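This report concerns only the one structure given below.
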Amino acid sequence: MTLLDVVLFLPLIGFLALLFIPKTLSRSGALAVSLVIFAVSLGLIGNYTLSTNAPWIDYPPIRYHVALDGLSLWLVLLTTLLTPIAIAVSWKHIDFRQKEFYALLLLLEFGLIGVFVAMDLFLFYVFWEICLVPMYFLIGIWGHDNRIYATVKFFLYTMAGSMLMLGAIIYLYNKSGTFDYLDIVSQLQTGRLVLDAHTELILFLAFFVAFAIKVPLFPLHTWLPDAHVEAPTAGSVMLASVMLKMGTYGLVRYCLPLFPNAAHQCAWWISALAVTGIIYGALVAMVQPNMKKLVAYSSVSHLGFVVLGIFSFTQQGLDGAVYQMLNHGVSTGALFMLVGYLYERRHSLEISAYGGVATPAPNLAIVFLITTLASIGLPMLNNFIGEYLVLQGAAYVSMTWTAFAAVGVILSACYMLWLYQRTFYGKASEGVTQHIYDLTGREWAAILPLIVLMVWMGTYTQSFLPQISAQNARILEDTHKLKIERVQIATPNVARGPASEAAHGQ
Amino acid sequence: MDNSLFPTTAEYLRILPEIILTVVGTLIMFLEAILSDSQKRIFAPLSLAGLTAALVAAISANGSPGAAFHDMLVIDGFATFFRVLVIAVGMLAIFGSTEYLRRENHPGGEFYALILFSVMGQCVMATANELIMIFIGLEISSIASYILAGYLRDDSRNNESALKYFLLGSFATAFLLYGIAWIYGFTGSTNLLEIRRQLEGAGAPSLLISGTAAALMFVGFGFKISAVPFQIWAPDVYQGAPAPVSAFLSVGPKAAAFAILLRTYLTAFAPISDRWVPVVWVCALATMIVGNFAAIQQSNIKRLLAYSSIAHAGYVLVAVTAHSEVGSAAAMFYLAAYAFTNFGAFAVVTHVARKGERFTKIEDFAGLAQRQPAMAAMLTIFLLSLIGVPLTGGFFGKFYIFKAALDANLVWLTVLGLLNSAVAAYYYLRVLVVMYMKDPEAGGEALPAAGPALKIAVYGSAIATLILGIFPSFVLDFASKAALK
Numbered sequence: 019m020t021l022l023d024v025v026l027f028l029p030l031i032g033f034l035a036l037l038f039i040p041k042t043l044s045r046s047g048a049l050a051v052s053l054v055i056f057a058v059s060l061g062l063i064g065n066y067t068l069s070t071n072a073p074w075i076d077y078p079p080i081r082y083h084v085a086l087d088g089l090s091l092w093l094v095l096l097t098t099l100l101t102p103i104a105i106a107v108s109w110k111h112i113d114f115r116q117k118e119f120y121a122l123l124l125l126l127e128f129g130l131i132g133v134f135v136a137m138d139l140f141l142f143y144v145f146w147e148i149c150l151v152p153m154y155f156l157i158g159i160w161g162h163d164n165r166i167y168a169t170v171k172f173f174l175y176t177m178a179g180s181m182l183m184l185g186a187i188i189y190l191y192n193k194s195g196t197f198d199y200l201d202i203v204s205q206l207q208t209g210r211l212v213l214d215a216h217t218e219l220i221l222f223l224a225f226f227v228a229f230a231i232k233v234p235l236f237p238l239h240t241w242l243p244d245a246h247v248e249a250p251t252a253g254s255v256m257l258a259s260v261m262l263k264m265g266t267y268g269l270v271r272y273c274l275p276l277f278p279n280a281a282h283q284c285a286w287w288i289s290a291l292a293v294t295g296i297i298y299g300a301l302v303a304m305v306q307p308n309m310k311k312l313v314a315y316s317s318v319s320h321l322g323f324v325v326l327g328i329f330s331f332t333q334q335g336l337d338g339a340v341y342q343m344l345n346h347g348v349s350t351g352a353l354f355m356l357v358g359y360l361y362e363r364r365h366s367l368e369i370s371a372y373g374g375v376a377t378p379a380p381n382l383a384i385v386f387l388i389t390t391l392a393s394i395g396l397p398m399l400n401n402f403i404g405e406y407l408v409l410q411g412a413a414y415v416s417m418t419w420t421a422f423a424a425v426g427v428i429l430s431a432c433y434m435l436w437l438y439q440r441t442f443y444g445k446a447s448e449g450v451t452q453h454i455y456d457l458t459g460r461e462w463a464a465i466l467p468l469i470v471l472m473v474w475m476g477t478y479t480q481s482f483l484p485q486i487s488a489q490n491a492r493i494l495e496d497t498h499k500l501k502i503e504r505v506q507i508a509t510p511n512v513a514r515g516p517a518s519e520a521a522h523g524q
Numbered sequence: 051m052d053n054s055l056f057p058t059t060a061e062y063l064r065i066l067p068e069i070i071l072t073v074v075g076t077l078i079m080f081l082e083a084i085l086s087d088s089q090k091r092i093f094a095p096l097s098l099a100g101l102t103a104a105l106v107a108a109i110s111a112n113g114s115p116g117a118a119f120h121d122m123l124v125i126d127g128f129a130t131f132f133r134v135l136v137i138a139v140g141m142l143a144i145f146g147s148t149e150y151l152r153r154e155n156h157p158g159g160e161f162y163a164l165i166l167f168s169v170m171g172q173c174v175m176a177t178a179n180e181l182i183m184i185f186i187g188l189e190i191s192s193i194a195s196y197i198l199a200g201y202l203r204d205d206s207r208n209n210e211s212a213l214k215y216f217l218l219g220s221f222a223t224a225f226l227l228y229g230i231a232w233i234y235g236f237t238g239s240t241n242l243l244e245i246r247r248q249l250e251g252a253g254a255p256s257l258l259i260s261g262t263a264a265a266l267m268f269v270g271f272g273f274k275i276s277a278v279p280f281q282i283w284a285p286d287v288y289q290g291a292p293a294p295v296s297a298f299l300s301v302g303p304k305a306a307a308f309a310i311l312l313r314t315y316l317t318a319f320a321p322i323s324d325r326w327v328p329v330v331w332v333c334a335l336a337t338m339i340v341g342n343f344a345a346i347q348q349s350n351i352k353r354l355l356a357y358s359s360i361a362h363a364g365y366v367l368v369a370v371t372a373h374s375e376v377g378s379a380a381a382m383f384y385l386a387a388y389a390f391t392n393f394g395a396f397a398v399v400t401h402v403a404r405k406g407e408r409f410t411k412i413e414d415f416a417g418l419a420q421r422q423p424a425m426a427a428m429l430t431i432f433l434l435s436l437i438g439v440p441l442t443g444g445f446f447g448k449f450y451i452f453k454a455a456l457d458a459n460l461v462w463l464t465v466l467g468l469l470n471s472a473v474a475a476y477y478y479l480r481v482l483v484v485m486y487m488k489d490p491e492a493g494g495e496a497l498p499a500a501g502p503a504l505k506i507a508v509y510g511s512a513i514a515t516l517i518l519g520i521f522p523s524f525v526l527d528f529a530s531k532a533a534l535k
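Going line by line, the protein sequences match chains A and B.
Numbered according to this note's numbering, the first sequence spans residues 19 to 524.
Numbered according to this note's numbering, the second sequence spans residues 51 to 535.
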């Protein structure tokens, strides 16, 4: 049992414990548990050798195989950081059935960490589906008026995608005899497992669609605005900051190394969809009268960058994409929190209900401004680094896509600054002066870590990027090696005759 | 094989579960006439004791596998698996119905006797090695089921349910019998292995004949497992029958019917599998689609579960279509997982329906999560298992079935089946939505707390569902070893 197992199972233990403690203690209990988990998870930094590989089910051989690397580390930390924050923002906001709410948040944390550390395809799928259930209830019970429609849509969209992925996972197992991710990759590399082009494409698409729904990639994004608008603040924060990353994480971890040829083959189309998403999301965000919807569409736009970076197959592009996943988690999570703060005061998400908020709430205005600037990619703040790297990576491949994507950066400045202007500047109406008050201590405590991270990640990338780069280099290497291997296998094996037979015989 | 006229002790031991069940069932019928009303409380413990003894006998019989009574019955892993399963379902049925019977003022002994007889018939089905025994087992089980469906004789819904079940059931049985007659006429045997030899051999009857016989028998089996197009009866019967009986009917007889379907088609009709596989393929797909899409429109929870049980029969048929060892094992595991899941769901429905079963609309579950969180949580586990969410038995069942289907290269059936389960999520979610996200109706009738026996049925099913989802190895290993080759 390693530290990683502890971090993974603590939330589950917390979830079970929460079911049995008195209602009044549930809120502080959950916060305490989640803070402990965060503190423990800090011990993971630099511990890349942590892995556990134990049998779970004998036949078919499904193993409890979890491991940590530069890609999963920061996503795990993002999860453990945002869970206590999500609990803190719900402190007053959630005023009924509290125990269930906090228990479900911990269950969600369990699922999310599991997704990022699972190294067995089956285990990955299990965690992937587990995440669905708590989020379904979080939106459905504590959401806004149209919550049931939104949560059912969310569940069904994800379910439809993941069913296809399950089919692909079973197929891979039948071909390779294992669910172990590393084993499958090594089988592919040594030529023991050969997928013909047609099969590879279909498997790739099965995985890709499941991930693309989660990302969400245009045109599969329609569940996202509904889910975000209807979710309670904590739900939106977890959804935007961490759950969407399940999709992009899956693309990097599984789609690229397992199906490199198909990934290359489809890269043009996927980049086209990503760029469409970037611009479409930004344009739609611009005309939203509803703040949460605006931020939701901005997510569609931001996540387009991530996908564009991944499918550039360059070191910079991939680094930028992964960095952008974290950035988006921090800055959009913060945006959703701030919108939640405003909602708690004014009980409206309509931008027109605000105006002049800076007067009664100057601190809130400053925090919101920093987050806005981070979100639009101002240098010295986090998003700038990610977007820059993505654009540079994309530029190696296609100047056209880069140019379009850069337009998206400009558009993001338009909608965010406009939002800021309409909300915080101008003369405060009576409704605003009556209801709006400045940040409370609890709200400060929840938002401050994210603000610090925005600056830290924007100014000192050395803390984060080297580990990510190293892991990305490995993934790219796997991807390229496989691609080359595949080409060799495809050619008539004159020179390879005995060697390849030996490889098959292993 | 022993050719002596009289069965040996070992052979009697092999059918000891059936003997025990018959004796206890008959005993209860006698006692019903003798005992005073207050003494009749012992029927439930007595039947449980009988079932437990039968369970022990069934498990120990597995230690000495072999044929019995001139090859009419065969005790192998497959038979043991299904005997244990149907006996376990019988025990759950007793737990799930005692309080119901008292609530409806019908605490009769014949109910318990009928359950025991039905379980006995299912055990015979599980062990049957030839067509006549299959028929006899099916009839014993079915006739007890017909009566159970109409158990509350003053209730018009019960009467309708029983009559429909009986008429359509007899009709289907006639088809089965006709198919058996064909087979016997052309092969001269009712023994499954002998039929297989005949069909494989040089003098095999023409495909037209054997195919027709297989098709006729499939009509009979298709009715019992409620496969499309023979599913029409299921929603009406499940909706009309007493809720614990619906729970029982939707799992026990169905599992046993699948056992004989698997045995017949994977042994006797294996030589002509290229003929029946396409038919079952279409039937599996149609069953999944009809079940799922019809369930979407239901507003009555019993009817919804009835259609869902049709859809689940479709998933098992996917495993039958694979006609392989893996497929057989997958079907066995799935039926076990489904039995506990679906029984549990019906047990919660029994509880919420209250006296006279007046609350069986989906809306009646509004706010259950606030009124009785434990019951709501249990139903959630069952519904998630029916959807196929990981860590429940339903998920592993589905996983193994589609794995078997992909093994057998049934790619399209797998894809369509997987998409079907995504559709199915919709109607199960509706129940979850009502339970957790709607407030209870103000001024509605209070929901009394569940009695201890029902709690055992519900919690027991939930624990079994979770164990099958988290540690499936034990059952799966057994199923893989016991699967029909």
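Yeah, the Cβ is synthetic: ideal placement off N, Cα and C, and Gly gets one too.
Small disclaimer: the values here were computed from a predicted structure and weren't measured.
Taking a Cβ-Cβ cut-off of 9 Å, the neighbours of residue 192 of chain A in chain B comprise 453, 456, 457, given in sequence order.
By the rule that beta-carbons nearer than 8 Å mark a contact, residue 522 of chain B touches chain A.
Collapsing the DSSP output to three states places residue 180 of chain B in a strand. Taking a Cβ-Cβ cut-off of 9 Å, the neighbours of residue 487 of chain B in chain A comprise 155, 158, 159, 161, 165, 166, 169, given in sequence order. Unbroken alpha helix (DSSP H) stretches of 4 residues or longer found wholly inside the region 302-335 of chain A: 309-328, given in chain order. When secondary structure is reduced to three states using DSSP, residue 254 of chain B falls in the coil class, being assigned neither helix nor strand. Annotated as proximal: residue 458 of chain B and residue 372 of chain B, with beta-carbon spacing under 8 Å. Counting C-beta atoms within 10 angstroms of its own C-beta, residue 463 of chain A has fewer than 16 neighbours from the protein chains shown and is therefore classed as exposed. Following the DSSP letters along the chain, one finds residue 133 of chain A in no beta strand (DSSP E) but inside the alpha helix (DSSP H) bounded by residues 116-135. For residue 80 of chain A, the enclosing beta strand (DSSP E) stretches over residues 80-85. Look at residue 70 of chain A here: in three-state DSSP terms it is strand.
In this structure, residue 331 of chain A sits away from residue 92 of chain A, with a CB-CB distance that is not shorter than 8 Å. If you draw a straight line from the Cα of residue 68 of chain A to the Cα of residue 19 of chain A, it comes to about 10 Å. About 5 Å separates the CB atoms of residue 187 of chain B and residue 171 of chain B; that is less than 8 Å, so the two are in contact. For residue 307 of chain B, the enclosing alpha helix (DSSP H) covers residues 293-313. With respect to residue 117 of chain A, residue 44 of chain A sits close: the two C-beta atoms are nearer than 8 Å. Rounded to whole angstroms, residue 316 of chain B and residue 125 of chain A show a C-alpha spacing of 44 Å. Here residue 292 of chain A has 322, 325, 326 as same chain residues with Cβ atoms under 6 Å from its own Cβ, once five neighbours each way along the sequence are excluded. In the three-state reduction of the DSSP assignment, residue 488 of chain B falls in the coil class. When Cβ pairs closer than 8 Å are counted between the two stretches, the region 232-245 of chain A is seen not to touch the region 191-207 of chain A, the count staying below three. Interface with chain B (8 Å Cβ-Cβ cutoff): residue 27 of chain A is excluded. Residues of chain B with a Cβ closer than 8 Å to the Cβ of residue 24 of chain A do not exist, since the nearest Cβ in that chain sits about 20 Å away.
Across the structure, residue 480 of chain A and residue 97 of chain A are spaced so that their CA atoms are roughly 21 Å apart. Straight across, the Cα-Cα distance linking residue 59 of chain B with residue 307 of chain B is about 29 Å. Contact between the region 288-303 of chain B and the region 222-240 of chain B is absent: fewer than 3 CB-CB pairs across the two stretches fall below 8 Å. Straight across, the Cα-Cα distance linking residue 362 of chain B with residue 354 of chain B is about 12 Å. When the Cα atoms are used, residue 396 of chain B and residue 211 of chain B turn out to be separated by approximately 17 Å. Its chain contains 267, 270 as the residues whose beta carbon lies nearer than 6 Å to that of residue 226 of chain B, once the 5 sequence neighbours on both sides are disregarded; these appear in chain order. Between residue 262 of chain A and residue 233 of chain A, the C-beta gap is smaller than 8 Å, which places the two residues in contact. Here residue 90 of chain B carries a helix assignment [DSSP, helix/strand/coil]. If you draw a 10 Å sphere on the C-beta of residue 459 of chain A, you find fewer than 16 other C-beta atoms in it, and that means exposed. Short of 7 Å from the beta carbon of residue 503 of chain B, and not among the five residues preceding or following it, lie these beta carbons of its own chain, in chain order: 145, 148, 149. Residue-level contact check: residue 38 of chain A does not touch chain B, since none of the beta carbons of chain B fall below 8 Å from its beta carbon. Across the structure, residue 535 of chain B and residue 375 of chain B are spaced so that their CA atoms are roughly 5 Å apart.
Residue 202 of chain A places its beta carbon 8 Å or farther from that of residue 453 of chain B. According to the DSSP assignment, residue 233 of chain B belongs to the alpha helix (DSSP H) that extends over 206-237.
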